[in-house]
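Contents: one structure, followed by commentary.
Residue numbers (the working numbering): 255 to 418.
Set out below in structure tokens:
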């Protein structure tokens, strides 16, 4: 599958009439690095984790980047079994992405529609605006939470909220 491009993300947001902010910056390999480039801008700094469970079940978990991921708790809340970080080839195959740029925008590339999307409740309550890499780590996009949820639903997914 071709890697989802930054241009595809922008075109899709424009097609849907979704307004967003953008900060261009040097390549950021970690959330900590990306956060430095967007200091002073409003918006919850997010981390998006692509997880794999038993029997090739995939999960996209979106949460505040300061909060640690508790895999055991995730399994208890969702009923998922044997969850771990997905391998790079799974990430490439399912979302057309690679480590360091995982975001909900990768769902545009998931032709199989086999990914369950979860938002951490605290993050949704914290701020009306969230930050993500738009399928490339040289930009950070700022998007209203409600618009991001609309974007995800428009891609054919029903995100769930869990309390991690």
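Backbone N, C-alpha and C fix where the C-beta goes; we use that ideal spot for every residue, glycine too.
DSSP bridge partner residues for residue i (one or two, in chain order)
i	result
residue 372	315, 414
residue 394	277
residue 339	305
residue 385	299, 396
Buried or exposed by the 16-neighbour rule on C-beta atoms within 10 Å, applied to residue i
i	result
residue 415	exposed
residue 300	buried
residue 256	Residue confidence for residue 256 is low, a pLDDT of 42 falling below 50, so the modelled location carries little weight; the figure read from the coordinates is stated next. Residue 256 comes out exposed.
residue 306	buried
residue 360	buried
residue 394	buried
residue 358	buried
residue 294	exposed
residue 391	buried
Whole-angstrom distance between residue j and residue i, CA atom to CA atom
i	j	result
residue 270	residue 334	32 Å
residue 277	residue 319	18 Å
residue 386	residue 274	11 Å
residue 272	residue 401	6 Å
residue 309	residue 410	22 Å
residue 341	residue 315	15 Å
residue 259	residue 266	11 Å
residue 348	residue 363	7 Å
residue 376	residue 298	11 Å
residue 292	residue 285	11 Å
residue 379	residue 365	30 Å
residue 263	residue 336	32 Å
Nearest-angstrom beta carbon gap, residue j and residue i [assumed within contact, 8 Å]
i	j	result
residue 389	residue 351	6 Å
residue 327	residue 418	6 Å
residue 290	residue 374	The pair is not a contact, with the Cβ atoms about 23 Å apart (cut-off 8 Å).
Counting only runs of 4+ residues fully inside the segment 274–336, write out the alpha helix (DSSP H) ranges in chain order.
Within the segment 274–336, the complete alpha helix (DSSP H) segments at least 4 residues long are 285–291, 325–332, listed from N- to C-terminus.
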